[in-house]
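S.K.:
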Amino acid sequence: MNTQKKALSLYLRNFLLIITFLVSLQAVAAEKKNDVVSNQKDAFESLLFSEPPSLKGTLREILANHFGVEKSLSNRNDVYYVLNVGYVDGKLYDPSSNSFQKVHLRGYTGQDANNKRVTQVNQFVAPQIEAHPGDTVRILLKNRLPPDASCLNNHGMQQQVTANKLADKPHCFNGTNLHSHGLWVSPTGNSDNVLLSINPGVSFEHQYDLSNDIPEGTNWYHSHRHGSTALQVSSGMAGAFIIRGNRKPTPTSNGDLSTLLMDPETGQSYKEHTVLFQQIAYACLGNDGKLKRKKDGAINWSCNPGETGVIESYDQFGPGTWPASGRWTSINGIVLPTFKSQVGEVERWRLIHAGVRETINMTFRKINPNINLNELHKRAYTGHLKREDAGRLVQELCSGEAIPFQIVAADGLTMSHTINTQKVTLQPGYRYDLLTVFPSSGGYCIIQPQQSKAGSINSESSPQSLLGFVSVSGKDNIPTNAITSVLVNKLIKSAEKFMPENVREEVIKDIAHAEGKDNNHEILLRKFTPHPIDIADNEVQGQSKQKLLFFVGQDSDKNNVFVLSHDFSVKNVNGVYMPSKPFIYNPNKLGLNLPLGKAQEWELRSYSVSHPFHIHVNPFQIVAIYDPQGRDVSAPGVVEADGDTQFSGLKGQWKDTILVKTNLLPGDLKNNPKNFYRFIIRTRYQRYIGEFVLHCHILDHEDQGMMEKIAVSLQDNVDLH
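In terms of mature numbering (1 follows the signal peptide of the UniProt record, and there is no 0), the sequence shown is residues -29 to -1, 1 to 692.
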C-alpha cells in the first residue's frame, strides 16, 4: 500500500513539474511574441480538457409577468436561452510553434438570466444546451456581427438572395440562422427553420416544442445560413444540444438508455464526456489585408509574431486545404487536450463531428510502458510538433494495446445493438455515443488512425495523427480482453437496481447477449431504441423510390460544379461526362414534395468523390450499403478491401447523416458508370409538415449549391391514425 502511495505521489509531483515546465516555456515565448498567452493560469487551462459550458435555461420573466403568473408557479418545462453571435478574440494552441496563436473569429457566447455573459474557458466552442422531452425551448439569437461587403448592394443596404444568381456563391458572411441538427421538431416558422436569414443587428427567437416522445440523445446546433455556413461553422459556431430523458421501459414501450446508464452504488449517471470535434482553419493576412500567398499562389498558412488568425475567405476551404494548413483538430476548442478518468469506471463519451473538412477516426491506445504521460506531454507540447510528424510520435510512444469500446448510439439515436470495436469513424455531422472502461492507470493516447482515400471526405488517404490524451488514475488492473465482460457485468448490476421488475429480466438477457458465442460481443438495446419497428417492404410498397446523386467536377467550360440529381443517367457534353439532369440549390424552387404519414425507400450514389448526405427533420434506416462488387458492407464484422470499417454493423440502424462513399474521382465519370457504392435507406415522414433541406455536409459544397429545398405535405386519402 505504501509503495502504491509513493508511486502515486511521485506521478502527481512529476505531472505538476512538467506542467510548470510547460507554462514557463510558454511564458518565455509570450514575452517574445504578442500572439501567445503570457500568464500561467491560461496556459495551464489550455492543456486540460474541459466540458463545454452549460447554458442554463431560465423562464423569460417578461412573458410570465405579462400573464400575471408568478415565477414559482410558471411552467417548469418552459426554458429560455440567449445566444449572441459576434466576433470573439481568443487563442488556439499551435504545437508546431509551442505557442498560443491569437485568433479573431465569429462565435457564439451565452447570456444568463441577469444578462451577463456565460463564462467560457475557450471561446471557440458554443455553450452546451440541455433539454428534456416535453420542454418548450426558446433561444433568442442576437446577431451582433457588423454588415459585410459580400452582402451589400450599391445602396449599402442588406441584400436578400431571391434567386440562384447569387445563392450558390459564398456570400453574406455575417448573416446567420440556427439549425438544431438531429432534433425531431418542426422545420417551419420560428422552429428549426434554416431558410431564414438573421441579418446583422437583428434578433430572432426560435421556439422548439419538444414532444413527449422525442428521442433522448446527442444532437448539436450550428449556423446554417446558405452562403456562409462553412465559414461560420469552421470558426467554431457549433455547440452540443443534449436531450436528456428519464423514461424507463415498460412491457409495451421502450425507454431512455440513460435510465440504465447509472451507477448502482451512487445512484448517479455514469461519467460523461461531451467531445465536440472542430477544424478551425484560420489563416493570417498580409499587409494588403488579403490572405498571404506563396509564389505558386497557394495559401501561406504561417502566422508571424503580432499577426492574428482569421477565417474570411472560402479559399480556406476545399480539397487539400485542411492538411495543407497544418492546423489540428480541436476538441471543445482545445488542441491536444488531456481527459481525466478512473480505472474500471464506466464512461459515456458523446462524440460530435462539428467540423467541416476532415474525416475523423478515433482509437484509444495505451502509451508505451517505458515512458509516462509526462514525457508524452513534453514531446507533444514543447517539441515543435508538426501535424505531419504526429504519426511518427504516435508510432514511437503510443503503440500499446488498443482499448475496446461499445458504440451505443448513432446520430443521437440509441441503436438496437451495440457495435463492439476499437475504432470509430466520424464524418462531418455525425454523432456517436460510446461506452468504455479504462483498464489500468497511466497515460493513453487518443489516436486518429489512417483513413483510406475513398472513405475520406477529402478523397485523400490521411496519415495517422493525434487528437489528445487520457490520464487514468486508480489501483485496479483489468486485462484488456476482459473490458467487455467488466462493462457487461456493471450494466447488469445497473439493470438489477434501476430497471422495472416487469422488464428487468428481458433487459438483463439482452445485455448478457454480448457474452454469447459468435455474437461479436454485441449488447442488445432493444428496449431502448426509439425506432423499434423496422420499415418493412410492405410499408414502402406502392410508394415512389427516391433517387439522389452527388457530383462535383468541372463542366465543359472548366467551371467548378457542385450538383445533385434525381436521375442516375449521365450524358456527354463536349467531351465531359455529367449527370443527365443536374441541379443546384435554388431558394425559389421546391424539389421533392413528400407525403406525410408515408414511408419511402431512397437510393443514394456519388459519381465523384464521397459526400456526407444529411436530411433535416426525419432520420432514416439503413437497409443496405453495397460496394462496387455488390457486397453489403453494412453487415456486422465486414472489413472492406481498403481496410475501411466505417459502415460495419450499421445495417438496420437509424441515422440522419451518412457518407455516400465512391471510388470515382473528378474526371473518372464515363458512360455506364461503375466503381460507386449504392446506399439503400428508408424513412418515414412523420408528424411535421413544411419546407426544409437535404444537402452535402461538406459545408463548403453546400454553400456552393449541393443542397435542395424539399417539403413534407399533407396528401389526400391519408389517414394518419
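Glycine included, each C-beta is placed from N, C-alpha and C at the ideal position.
1) My understanding is that Y79 touches G210, with C-beta atoms under 8 Å, so please give their C-beta distance in whole angstroms.
2) Within its chain, find whatever has a CB closer than 8 Å to the CB of R350; leave out the 5 residues flanking it on each side and keep chain order.
3) Could you tell me the boundaries of the alpha helix (DSSP H) in which S577 lies?
4) If distances are taken between C-alpha atoms only, which option among I374, H582, L670 comes closest to T451?
5) For P294, which three-state DSSP category applies?
6) Nearest CA to the CA of N55: which residue from Y253, Q422, L112?
7) For the pair the region 412 to 424 and the region 604 to 618, tell me if three or more CB-CB distances fall below 8 Å.
8) Helix, strand or coil for F469 per DSSP?
9) Just the Cα atoms here: how many angstroms apart are I142 and M677?
10) Just to confirm the assignment, what range does the alpha helix (DSSP H) spanning K349 have?
11) To the nearest whole angstrom, what separates the beta carbons of D119 and N145, a pair I think is in contact under 8 Å?
12) Between the Cα of N545 and those of D528, I555, S536, spot the shortest distance and give me the residue it belongs to.
13) If you reduce the DSSP assignment to three classes, tell me which class V306 lands in.
14) Check whether the Cβ atoms of V631 and S579 sit closer than 7 Å, and answer yes or no.
15) Are Q377 and T334 closer than 7 Å when you measure CB to CB?
16) Going by other Cβ atoms of all chains shown within 10 Å of its Cβ, with 16 needed for buried, is G198 buried or exposed?
17) Count the other CB atoms within 10 Å of the CB of D687; is the residue buried (16 or more) or exposed (fewer)?
18) From what residue to what residue does the alpha helix (DSSP H) around E673 run?
19) Which residue comes first and which comes last in the alpha helix (DSSP H) that contains E367?
20) When you compare each of T633, T628, H672, Q366 to T654 by their alpha carbons, which one comes out closest?
21) Given 8 Å as the limit, is there contact between the region 528 to 539 and the region 220 to 239, that is, 3 or more CB pairs closer than that?
22) Could you say which of D267, G439, E329 lies nearest to I338 if we only look at CA atoms?
23) Quick check on A453: does DSSP put it in helix, strand or coil?
24) Counting only runs that start and end within the region 47 to 71, where is the beta strand (DSSP E) found for 3 or more residues in a row?
25) Helix, strand or coil for R264 per DSSP?
26) Grab me the residues of L495's own chain with a C-beta within less than 6 Å of its C-beta, minus the 5 sequence neighbours each way, in chain order.
27) Could you give the DSSP three-state label for N10: helix, strand or coil?
28) How far does the beta strand (DSSP E) with N564 in it extend, from its first residue to its last?
29) Roughly how many whole angstroms lie between the Cα atoms of N557 and G172?
30) Looking only at its own chain, which residues have a Cβ that is under 8 Å from the Cβ of F647, when we skip the five neighbours before and after it?
31) In whole angstroms, what separates the C-alpha of N509 from that of M386?
M.R.: This is what the structure gives:
1) For the purposes of this step, residue 79 is taken as the residue at position 108 of the sequence shown. For the purposes of this step, residue 210 is taken as the residue at position 239 of the sequence shown. Contact between Y79 and G210 holds: their C-beta atoms lie close to 6 Å from each other, under 8 Å.
2) Taking the first residue of the sequence shown as 1, we reach residue 350 at position 379. Answer for R350: L356, L364, L368, listed in chain order.
3) What you label residue 577 is simply residue 606 of the sequence shown in a count that begins at 1. Looking at the DSSP string, S577 is not in any alpha helix (DSSP H); the run it does join, the beta strand (DSSP E), is 570 to 577.
4) Numbered from its first residue, the sequence shown carries residue 451 at position 480. It is I374.
5) For the purposes of this step, residue 294 is identified with residue 323 of the sequence shown, where counting begins at 1. P294 falls in the helix class under three-state DSSP.
6) In the sequence shown, counting from the first residue as 1, residue 55 sits at position 84. Selected option, being the one with the closest Cα: L112.
7) Proximity of the region 412 to 424 to the region 604 to 618 meets the contact definition, three or more beta-carbon pairs being nearer than 8 Å.
8) Counting from 1 along the sequence shown, the entry for residue 469 is found at position 498. Three-state DSSP puts F469 in a helix.
9) Within the sequence shown, numbered from 1, the residue matching residue 142 stands at position 171. Within the sequence shown, numbered from 1, the residue matching residue 677 stands at position 706. Correcting the residue identity first, residue 142 is His in this sequence and not Ile. When rounded, the distance between both Cα atoms is 15 Å.
10) The residue given as residue 349 occupies position 378 in the sequence shown. Run containing K349: 344 to 353, per the alpha helix (DSSP H) assignment.
11) Start at 1 with the first residue of the sequence shown, and residue 119 comes out as number 148. Start at 1 with the first residue of the sequence shown, and residue 145 comes out as number 174. That belief holds up - the Cβ atoms of D119 and N145 are roughly 4 Å apart, short of 8 Å.
12) Residue 545 sits at position 574 when you count from the first residue of the sequence shown. Considering only alpha carbons, the answer is D528.
13) For the purposes of this step, residue 306 is identified with residue 335 of the sequence shown, where counting begins at 1. The answer is strand: DSSP assigns V306 an E or B state.
14) If you number the sequence shown from 1, residue 631 lands on position 660. If you number the sequence shown from 1, residue 579 lands on position 608. No, the Cβ-Cβ distance between V631 and S579 is not below 7 Å.
15) Looking up residue 377 in the sequence shown gives position 406. Looking up residue 334 in the sequence shown gives position 363. Against a cut-off of 7 Å, the Cβ pair of T334 and Q377 comes out as no contact.
16) Your numbering for residue 198 matches position 227 in the sequence shown. Buried.
17) For this step, residue 687 is matched to residue 716 along the sequence shown. Under this definition D687 is an exposed residue.
18) As a first step, residue 673 must be located in the sequence shown, where it is residue number 702. Following the DSSP letters along the chain, one finds E673 inside the alpha helix (DSSP H) bounded by residues 670 to 674.
19) Taking the first residue of the sequence shown as 1, we reach residue 367 at position 396. Run containing E367: 361 to 368, per the alpha helix (DSSP H) assignment.
20) Here residue 654 corresponds to residue number 683 of the sequence shown, with the count starting at 1. Ranking the options by Cα distance to T654, first place goes to T628.
21) Taking 8 Å as the limit for Cβ pairs, the verdict is that the region 220 to 239 does not touch the region 528 to 539.
22) Residue numbering aside, residue 338 sits at position 367 when the sequence shown is read from its first letter. Among D267, G439, E329, the Cα nearest to that of I338 belongs to G439.
23) Within the sequence shown, the letter at position 482 stands for residue 453. Here A453 carries a helix assignment [DSSP, helix/strand/coil].
24) Qualifying beta strand (DSSP E) stretches, in chain order: 49 to 65.
25) Sequence index remark: in the sequence shown, residue 264 carries index 293 (1-based). The three-state reading of DSSP puts R264 in strand, counting E and B together.
26) Position 524 of the sequence shown, counted from the start, is the residue given in the question as residue 495. Sequence-distant Cβ neighbours of L495 in its own chain, meaning closer than 6 Å and more than five residues away, are H388, D481, H484.
27) For the purposes of this step, residue 10 is identified with residue 39 of the sequence shown, where counting begins at 1. Interpretation of N10 is limited by its pLDDT of 39, a score under 50 that renders its predicted location unreliable; the figure taken from the coordinates is listed afterwards. In the structure shown, the three-state DSSP call for N10 is coil.
28) The residue you call residue 564 lines up with position 593 of the sequence shown. For N564, the uninterrupted beta strand (DSSP E) segment begins and ends at 564 to 566.
29) Taking the first residue of the sequence shown as position 1, residue 557 is located at position 586. Taking the first residue of the sequence shown as position 1, residue 172 is located at position 201. Taking the straight line from one Cα to the other gives about 26 Å.
30) In the sequence shown, counting from the first residue as 1, residue 647 sits at position 676. Correct list, in chain order: R576, S577, Y578, P599, T633, N634, L635.
31) Taking the first residue of the sequence shown as position 1, residue 509 is located at position 538. Taking the first residue of the sequence shown as position 1, residue 386 is located at position 415. The alpha-carbon atoms of N509 and M386 are separated by roughly 23 Å.
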